[in-house]
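**Student:**
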Amino acid sequence: MGHVTSFSALPLAAALLAGTAVLSSPAFAQNGMNTTSLQHEVVLDGLDNPWDMAFLEDGTMLFTEKCSGLSVRLPDGTVNALYGVGDVEGYASNGSDLFCEGQAGMMGVAFDPDFGNNRRIYVYATSNLSDPHTNRLMRFTLSEDFSAVSDRVDIVDDVPYKMAASDHPFGGPGAHNGGRVRFDANGHLFLTTGDTHNGEVPQSPTMMGSKVLRIDTDGNAITENSPPEGFDTRTYTYGHRNVQGIAFHPETGAAITAEHGPWHSDEITILQNGGNAGWDPRPNMAGRGDCPDDYCGYSPNQEDGMNRYERAAFMPMTDFDTYPDAMPPIWNNNGWSQGISSAAFLDGEAWGDWDGAMVVGIMGIGFGGTPIGQRIDVIQFNDDNTDVEDVTEMTLPMDTGRFRSVVMGPDGSLYTSIDEGTIYKLTPGG
Amino acid sequence: MSKVYSLVAFIIICSFAARADSLAADAKANEKPETAAIAQEVDLEAAENIFHKSCRACHGNQAQGVASYPKLSDKTPEYIAEKLRIYRSGEKIGPNSILMISHAKKLSDEDIANISVYVATAFD
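As you go down the protein sequences, you meet chains H and P in turn.
Residues in the first sequence are numbered consecutively from 498, following the numbering used here.
Residues in the second sequence are numbered consecutively from 2, following the numbering used here.
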């Protein structure tokens, strides 16, 4: 269902306000040196699985809906539907090749750092132009009046897509696409990808799943990328499982990922150029035998709960025995996998002690005795910015949900989307 | 409202019975509902607890369906109950069966009756 249709379901008064803040709540009082009082507003509601947002300095917000498409919310609250998935109605234009299936669809979005001059934006989505189908990073030109996109160029067209169901949890087509698109302070474009439930992908030198790509805005490798010999030079890091979160430390500039774990061990990792994240779910190695459909990612005992540390010993998220030089995670969610999905750094004095801290959105799973854990965590680093010093669950002034995206806004507020269809604005103080 | 829910529970029990048994047994089943409806009112509080513990994280806070997990709020209680019973038996009927079987096998008949009505009606 397109978002235009979704809005039509709102009462008239609310529909007239669609795209503006329609709900507000009093600050939820919090006390303590590491906490901040928060207010929340509903920025948009009734969306179709909102996946990501990107901002200009004036508050203009691009946002994606997984099965609907790309839209822009202007500072006055107007929403323009720009580019639809497949034949979804209500968009200025459509990508007839785009589709959604399972976890796949339209995902990450970013403004070009030089958008003021070149009007370029970037969107990651699943396409059937190739067979097997792939995930693609598309570049567009956004019109001066923010009403349409044009000049599509697929600057990355070869990120693997899972075509068929397999015998695994979450085993449908479309699994593990990664999906976040972000620029660092140097203007380098990062794209995170996933393993597509294919045991061969993570350590493959040429299949671009399970990677963090670092490229320019034409899709070419950054010259300084230093993956191992024989790797596709777009590779910044490899050996990941399914990276949906990446953010850059405001002081060190380091790229830091937030990555789903497999029934255990969500991980936050400071990336090293050319580094291996150590995920290798191939069967018949590292002490494992055969696994369902040649993918050990949920083994052993993939159909029932079991001790998370026993799981981690059998199928480690970061396999230091096999890859001693793998990049060490700086946090593993206390051994749990709860669906960590996105990352951002808080910015502004209003955040108090949290100014400069990392936040991660966690969607919640709740399998086999795992606490569901839907939340936003605040990750504070040590003085050297090399390790995690403290983790605090953000006390939220609204109900929880599947926190798919956290993005710092230009107004000093943190914006977060939940799969249930809402984009919230969280503002410190009040 | 509780009368409405009781009525729906009554229908579910009828439905299960009718499916499970032969035509001859159907006659017996049709005699059961009055007793069953009296004996088993839907416990919405218990259902809400199950929803928050086992359903909401995947299917969404309004059972609206999110990510790769289907919408439930537009389904009938009968449909939901039938699927839960299949999952509880261990039969795989979709890509997320492993997740559903894990949750469903903990449910009693009463739990299934409760949660089926709750999910289908609480978010109207």
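Don't be surprised by glycine CBs; every beta carbon is placed ideally from N, CA and C.
Would H:Asn625 and H:Asp594 be called neighbours here (beta carbons separated by less than 7 angstroms)?
**Tutor:** yes
**Student:** Can you tell me which residues form a DSSP beta bridge with H:Tyr795?
**Tutor:** None, per the DSSP bridge assignment.
**Student:** With a threshold of 7 angstroms between beta carbons, is H:Gln741 in contact with chain P?
**Tutor:** no
**Student:** Just to confirm the assignment: which complete alpha helix (DSSP H) runs, minimum length 4, are found wholly within the stretch 756-842 of chain H?
**Tutor:** 805-811
**Student:** Look at the alpha carbon of P:Gln65 and the alpha carbon of H:Asp801, and state the distance between them as a whole number of angstroms.
**Tutor:** 26 angstroms
**Student:** Nearest chain H C-beta to P:Pro96 closer than 7 angstroms, yes or no?
**Tutor:** yes
**Student:** Using a Cβ cut-off of 9 angstroms, pull out every chain P residue sitting near H:Arg899, in sequence order please.
**Tutor:** Ala58, Cys59, Gly61, Asn62, Val67 and Ala68
**Student:** Could you check how far apart the C-beta atoms of H:Leu567 and H:Val620 are, in whole angstroms? I think they sit under 8 angstroms.
**Tutor:** 6 angstroms
**Student:** Using CA atoms only, rank isn't needed, just tell me which of H:Val857, H:Pro657, H:Asp611 and H:Glu598 is closest to H:Ser627.
**Tutor:** H:Pro657
**Student:** Reducing DSSP to helix, strand and coil, say where P:His143 ends up.
**Tutor:** With chain P running from 2 to 125 in the structure shown, residue 143 of chain P is simply not present.
**Student:** Taking 7 angstroms as the CB-CB limit, is H:Thr924 close to chain P?
**Tutor:** no
**Student:** Using DSSP with H/G/I as helix, E/B as strand and the rest coil, what is H:Gly613?
**Tutor:** Secondary structure at H:Gly613: helix, using DSSP grouped into helix, strand and coil.
**Student:** H:Ile862 touches chain P at which residues, Cβ-Cβ below 9 angstroms?
**Tutor:** Ala58, Cys59 and Leu100
**Student:** If we define contact as Cβ-Cβ less than 7 angstroms, is H:Asp790 a contact residue for chain P?
**Tutor:** no
**Student:** Note the first and the last residue of the continuous beta strand (DSSP E) segment covering H:Asp905.
**Tutor:** Note that residue 905 of chain H is Met in the sequence shown here, rather than Asp. Start and end: Phe900 to Met905.
**Student:** Can you grab the Cα-Cα spacing for the pair H:Pro797 / H:Gly784, in whole Å?
**Tutor:** 12 angstroms
**Student:** What is the DSSP secondary structure of P:Pro78, counted as helix, strand or coil?
**Tutor:** Annotated three-state conformation of P:Pro78 is helix, per DSSP.
**Student:** If I follow the unbroken alpha helix (DSSP H) through P:His104, where does it start and stop?
**Tutor:** Ser98 to Ala105
**Student:** For H:Gly581, is the classification buried or exposed, using 16 other Cβ atoms within 10 angstroms of its Cβ as the cut-off for buried?
**Tutor:** H:Gly581 should be labelled buried.
**Student:** Check whether the Cβ atoms of H:Phe817 and H:Ala810 sit closer than 7 angstroms, and answer yes or no.
**Tutor:** Result no, Cβ atoms of H:Phe817 and H:Ala810 do not sit closer than 7 angstroms.
**Student:** For H:Asp874 versus H:Val885, is the C-beta spacing smaller than 7 angstroms?
**Tutor:** no
**Student:** Closest to H:Asn577 by CA distance: which of H:Asn773, H:His685 and H:Met558 is it?
**Tutor:** H:Met558
**Student:** Determine the closest residue to H:Glu764 out of H:Gly772, H:Asn739 and H:Ala751, with distance taken between C-alpha atoms.
**Tutor:** H:Asn739
**Student:** What are the boundary residues of the alpha helix (DSSP H) that P:Glu111 is part of?
**Tutor:** Asp110 to Thr122
**Student:** Check H:Lys708 in the structure and name its three-state DSSP category.
**Tutor:** coil
**Student:** To the nearest angstrom, how far is the alpha carbon of H:Glu538 from that of H:Met891?
**Tutor:** 16 angstroms
**Student:** May I ask which residues mark the beginning and end of the beta strand (DSSP E) holding H:Leu571?
**Tutor:** That residue, H:Leu571, is in no beta strand (DSSP E); it is neither H nor E in DSSP.
**Student:** Using 8 angstroms as the threshold, is the stretch 658-666 of chain H in touch with the stretch 717-737 of chain H, meaning 3 or more CB pairs across them?
**Tutor:** Too few Cβ pairs lie closer than 8 angstroms, so no.
**Student:** Would you say the stretch 841-850 of chain H touches the stretch 773-788 of chain H, given that touching needs at least three Cβ pairs under 8 angstroms?
**Tutor:** The stretch 841-850 of chain H is not in contact with the stretch 773-788 of chain H.
**Student:** Anyone know if the C-beta pair for H:Gly706 and H:Gly691 falls short of 7 angstroms?
**Tutor:** yes
**Student:** Can you check whether the C-beta of H:Glu807 is within less than 7 angstroms of a C-beta belonging to chain P?
**Tutor:** no
**Student:** Could you give the distance in angstroms between the alpha-carbon of H:Ile719 and the alpha-carbon of H:Ile743?
**Tutor:** 18 angstroms
**Student:** Based on the DSSP secondary-structure assignment, which residues constitute the bridge partners of H:Ile618?
**Tutor:** For H:Ile618, which the question treats as bridged, DSSP gives the partners H:Phe608 and H:Phe637.
**Student:** Measure the alpha-carbon distance for P:Arg89 versus P:Met101 and round it to whole angstroms.
**Tutor:** Approximately 8 angstroms, taken between the alpha carbons.
**Student:** Compare the beta carbon distance of H:Asp549 and H:Ser910 with 7 angstroms and say whether it is the shorter of the two.
**Tutor:** no
**Student:** Between H:Asn615 and H:Arg649, what straight-line distance do the alpha-carbon atoms span, to the nearest angstrom?
**Tutor:** 14 angstroms
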